[in-house]
Amino acid sequence: MSRRRSGEEGRLILVGAGPGDPDLITVRGAAALGSADVVLYDELASEELLSLLPAHAERINVGKRGHDPPTRSQDDINRLIVKEARAGKTVVRLKGGDPFIFGRGAEEASACVAAGLPYEVVPGLTSALAAPAYAGIPLTDRRHSASFAVVTGHNDPGRAAEGIRWRALGSAVDTLVILMGMRNLRSLLAEIVEGGTDSGTPAAAVMNGTRPEQKVQVATVATLADAVEAAGLKAPSVVVVGKVAVLRETLSWWESSPLFGMGALVSRAPHQAGELASALRAVGAVPSIRPLIDLVPCEAPAELAAVDECLARLDSYEDLVFSSSNAVRFFIHHVDRNGLRGVLEGLSARVLCIGSATSRVAMDEGMPVHFVLPGGRGDAESMLAEILRSLAPAGRRVLIPQSDIARSVLSRGLADAGAHVDAVAFYRNLRPEVDADMLRADLVAGNLPLLFFTSPSVVRHFSDLLDAESRNACERCIVAAVGGTTAEALVEIGIPAQVVPRRPDVREMVGAVEAYVAQGFAVGSLFDSDKKEEP
Numbered sequence: 189m190s191r192r193r194s195g196e197e198g199r200l201i202l203v204g205a206g207p208g209d210p211d212l213i214t215v216r217g218a219a220a221l222g223s224a225d226v227v228l229y230d231e232l233a234s235e236e237l238l239s240l241l242p243a244h245a246e247r248i249n250v251g252k253r254g255h256d257p258p259t260r261s262q263d264d265i266n267r268l269i270v271k272e273a274r275a276g277k278t279v280v281r282l283k284g285g286d287p288f289i290f291g292r293g294a295e296e297a298s299a300c301v302a303a304g305l306p307y308e309v310v311p312g313l314t315s316a317l318a319a320p321a322y323a324g325i326p327l328t329d330r331r332h333s334a335s336f337a338v339v340t341g342h343n344d345p346g347r348a349a350e351g352i353r354w355r356a357l358g359s360a361v362d363t364l365v366i367l368m369g370m371r372n373l374r375s376l377l378a379e380i381v382e383g384g385t386d387s388g389t390p391a392a393a394v395m396n397g398t399r400p401e402q403k404v405q406v407a408t409v410a411t412l413a414d415a416v417e418a419a420g421l422k423a424p425s426v427v428v429v430g431k432v433a434v435l436r437e438t439l440s441w442w443e444s445s446p447l448f449g450m451g452a453l454v455s456r457a458p459h460q461a462g463e464l465a466s467a468l469r470a471v472g473a474v475p476s477i478r479p480l481i482d483l484v485p486c487e488a489p490a491e492l493a494a495v496d497e498c499l500a501r502l503d504s505y506e507d508l509v510f511s512s513s514n515a516v517r518f519f520i521h522h523v524d525r526n527g528l529r530g531v532l533e534g535l536s537a538r539v540l541c542i543g544s545a546t547s548r549v550a551m552d553e554g555m556p557v558h559f560v561l562p563g564g565r566g567d568a569e570s571m572l573a574e575i576l577r578s579l580a581p582a583g584r585r586v587l588i589p590q591s592d593i594a595r596s597v598l599s600r601g602l603a604d605a606g607a608h609v610d611a612v613a614f615y616r617n618l619r620p621e622v623d624a625d626m627l628r629a630d631l632v633a634g635n636l637p638l639l640f641f642t643s644p645s646v647v648r649h650f651s652d653l654l655d656a657e658s659r660n661a662c663e664r665c666i667v668a669a670v671g672g673t674t675a676e677a678l679v680e681i682g683i684p685a686q687v688v689p690r691r692p693d694v695r696e697m698v699g700a701v702e703a704y705v706a707q708g709f710a711v712g713s714l715f716d717s718d719k720k721e722e723p
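Residue numbers (my numbering): 189 to 723.
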């Protein structure tokens, strides 16, 4: 029985996290995470999904992973769900795959029913479907299979007397999908053969399906157990038995990317890392999120005084210049803090944005954008020349919201051209704590062959963390800069970028690296990317 929220009472939302790739969560599942007060999550649910939670949400790892012993018993989890929901909280139970497919979601829903608490279920993409698909194995195909069954290879010990009728299953369907069966794989396959399945029937095992760490072995029912043991495949794995397994030979696609399985440093600020990580996962790379920068609104009394002073006369400015999407976001943050949305909506000032991403954020916030300059051409001085041509700023009042470490090229150049410029720090650029020893070790070990940089600040912090050995190790890496100013900073620290995208966009940066590797460029050569400058 499905129940819905009533008033302000607490509730449970059972959310299927999907098969492993966090990008495969449903839209409804992502929205549920955004509404959570408390989330209880399993080991098989990607922790990257936790970035979708509100800042206040409590995170509780209940440690369930397939048939391994959990850190909490199911009864403990049920009691915790009821306790938190009775406290008026929205409790999200984030479960790998689908909560109602071998996920014990029904037991947790039953606990809510018994306690008189509302709940709802958000289905997830089960690994039984997704892992074979990512391995290039369709579960049905009119040439080979008109039916399939999904079965657990780890039965409830309390039902041992009943057991699963493996011998009957082998002949009942064309394709058999086994979840949580790696521990008993050899005996399960033997049972299937005894039931009449030909020992030469194709079979496959898919470990870490949908993830960049995915590994696949294709063999026969007779040889699969030996093959997975030799290849080191372990749980979590999905086993497919049936003629469709041979189609992987021609339909394999996920591992075909030139970046598949390559570790990639994602050094962006925490709230921005997701976009780059998602783009990397989409091409099979393994993102390693280690923020080397954090951005926070200015909050010190002197900083706030400067911000509030210029916002108090916001309607006096004739031009607003935004050099990045962060400048827009933190400008809006302080506008809202001062309750000035109404003033902003009636603003007559011209708005100039550098880069399409900056203009998109500005327009999303309801600001009219009058000028959009491409994301950099040449150096900052060249960008200044384009701004001067666009604005003709002599005698005009100009506001430039910026970071506390912004360069003065634009503000000084506009002032020299006769503008009355207020360049005000609206946000601070911080260096978060980083495990420098682990970063250096991973570079030396070759675990991060791809290095992605999105700002000069990140580059400088990265350089400060290196020692001689790890700095030398960077020569064996493929280094990408999102734009020209970042590329210049890399040259300054002695680690030049091989790849700079045509536009300063993180997805284009990933695409440029993919093309670079696919074309067989050696580390140290420069990919012809029609290099443009990022402001």
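C-beta atoms are modelled at their ideal positions from N, C-alpha and C, and glycine is treated no differently.
- For the pair of segments examined, the segment 668 to 677 was found to touch the segment 642 to 650: the number of CB pairs separated by less than 8 Å reaches three.
- Secondary structure note for Pro475: it is in no alpha helix (DSSP H), and the uninterrupted beta strand (DSSP E) holding it is 474 to 477.
- Within the segment 249 to 301, the complete beta strand (DSSP E) segments at least 3 residues long are 278 to 283, listed from N- to C-terminus.
- Gly217 carries a helical assignment under DSSP once its states are collapsed to helix, strand and coil.
- In this structure, the alpha-carbon of Val409 lies about 11 Å from that of Leu364.
- Nearest in C-alpha terms to Gly397, of all of Pro210, Leu653, Ser591, is Pro210.
- Cys662 carries a helical assignment under DSSP once its states are collapsed to helix, strand and coil.
- Its Cα nearest to that of Ile248, the residue Val227 stands out among Leu237, Leu232, His649, Val227.
- The three-state secondary structure of Ala415, taken from DSSP, is helix.
- Proximity of the segment 425 to 435 to the segment 444 to 462 falls short of the contact definition, fewer than three beta-carbon pairs being nearer than 8 Å.
- Contact annotation: the segment 465 to 481 touches the segment 439 to 453, with at least three C-beta pairs closer than 8 Å.
- Cβ-Cβ distances below 7 Å link Cys498 to Leu587, Asp610, Val612 in the same chain, with the five nearest sequence neighbours on each side left out; the list follows chain order.
- The C-beta distance from Leu357 to Ala337 rounds to 6 Å, short enough to fall under 8 Å.
- In this structure, the CA atom of Gln262 is about 12 Å from the CA atom of Ser298.
- Along the segment 571 to 603, the beta strand (DSSP E) occurs as fully enclosed runs of 3 or more residues at 585 to 591, listed in sequence order.
- With a beta-carbon spacing of about 12 Å, Val647 and Gly672 fall beyond the 8 Å limit used to define contacts.
- In this structure Ala392 is in contact with Ala323, their Cβ atoms being roughly 7 Å apart against a cut-off of 8 Å.
- The DSSP-derived three-state label of Ser333 is strand.
- In the structure shown, the three-state DSSP call for His649 is helix.
- Bounds of any alpha helix (DSSP H) do not take in Ile366; it lies within the beta strand (DSSP E) bounded by 363 to 367.
- In this structure the segment 540 to 547 touches the segment 501 to 514; the number of beta carbon pairs closer than 8 Å is three or more.
- Closest option to Asp652, judged by alpha-carbon separation, among Ala668, Val667, Arg628: Arg628.
- At a cut-off of 4 residues, the continuous stretches assigned as alpha helix (DSSP H) that sit fully inside the segment 359 to 404 are 373 to 382.
- DSSP places Gly204 inside the beta strand (DSSP E), whose first and last residues are 199 to 204.
- Here the alpha carbons of Ile325 and Glu437 stand approximately 9 Å from one another.
- The secondary-structure analysis by DSSP pairs Ala668 across a beta bridge with Phe640, Val687.
- Beyond the five residues adjoining it in sequence on each side, Val516 comes within less than 7 Å, by CB distance, of Phe510, Thr546, Val549, Ala550, Glu553 in the same chain, given in chain order.
- Put simply, the backbone Cα of Ser591 is about 6 Å away from that of Phe614.
- Per DSSP, the beta-bridge partners of Glu246 are Val226.
- Where Glu437 is concerned, the enclosing alpha helix (DSSP H) starts and stops at 436 to 439.
- Within the same chain, Leu200, Leu228, Val279, Arg281, Glu296, Ala299, Cys300 come within 8 Å of Ile269 by CB-CB distance, once the 5 residues on both sides are set aside.
- In the DSSP assignment, Ile542 is bridged to Leu561.
- The C-beta separation of Ile683 from Pro637 comes to about 14 Å, leaving the pair out of contact by the 8 Å criterion.
- Across the set Leu654, Glu417, Pro390, the C-alpha of Leu654 shows the shortest separation from the C-alpha of Val622.
- Secondary structure of Asp655 (DSSP, three-state): coil.
- The residue among Ala473, Val531, Val484 with its C-alpha nearest the C-alpha of Phe518 is Val484.
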